[in-house]
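**Q**
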Amino acid sequence: MPLYEHVMIARQDLSNTQAEALIEHFGAVLTDNGGTLVDHEYWGVKTMAYKINKNRKGHYAFLRTDAPASAVQEMERLMRLHDDVMRVLTIKVDAHEEGPSAQMQKRDDRERGDRGDREPRRRAS
25 MPLYEHVMIA
35 RQDLSNTQAE
45 ALIEHFGAVL
55 TDNGGTLVDH
65 EYWGVKTMAY
75 KINKNRKGHY
85 AFLRTDAPAS
95 AVQEMERLMR
105 LHDDVMRVLT
115 IKVDAHEEGP
125 SAQMQKRDDR
135 ERGDRGDREP
145 RRRAS
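Here the numbering used here = 1-based position in the sequence shown + 24.
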């Protein structure tokens, strides 16, 4: 079966548990139509670049699926009809990456160079 990655943005006034419940709900829709939810990540509430339906922020979720095209189309159709879902993006991929997505990796993983000793400031004459 083809592999897909989905990013979903839900309304900002939902609680975290309600946003997680949306992920589980759409995973069940996939399962009912012959697909599987391989992995999912809840990215939390993030500020968007522009307003969508008068919302400045949204709950972001990332789903990795292994499903036939008909199951993905049905899930997308239900996502677009759902009042709490503002945007959906689906991408077909060749293989799922192992481990957490780039959004979930800690920013502290980047090595920061030490500033080292600074030279003393020169006084203007």
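Glycine included, each C-beta is placed from N, C-alpha and C at the ideal position. Keep in mind it's a predicted model, so treat the numbers as computed, not measured.
#1: Is DSSP giving M99 helix, strand or coil here?
#2: Applying the 10 Å Cβ sphere with the 16-neighbour rule, what's the burial state of R131?
#3: Let me check understanding here. Comparing Cα to Cα, which of P26, M25, E65 lies closest to A43?
#4: If you follow the beta strand (DSSP E) that H64 is part of, which residue opens it and which one closes it?
#5: Going by alpha carbons, who is nearest to R80 out of V53, R111, D118, D63?
**A** Taking the definition as stated:
#1: In the sequence shown, counting from the first residue as 1, residue 99 sits at position 75. M99 falls in the helix class under three-state DSSP.
#2: By 1-based counting over the sequence shown, the position of residue 131 is 107. Low local confidence applies: a pLDDT of 38 at R131 is under 50, so the model's placement there is unreliable, with the coordinate-based value given in what follows. The residue is exposed, with fewer than 16 neighbouring Cβ atoms inside 10 Å.
#3: Walking along the sequence shown from the start, residue 43 turns up at place 19. Ranking the options by Cα distance to A43, first place goes to E65.
#4: Translated into positions along the sequence shown, residue 64 becomes position 40. First-last of the beta strand (DSSP E) with H64: 60–76.
#5: The sequence position of residue 80 within the sequence shown is 56, counting from 1. Among V53, R111, D118, D63, the Cα nearest to that of R80 is on R111.
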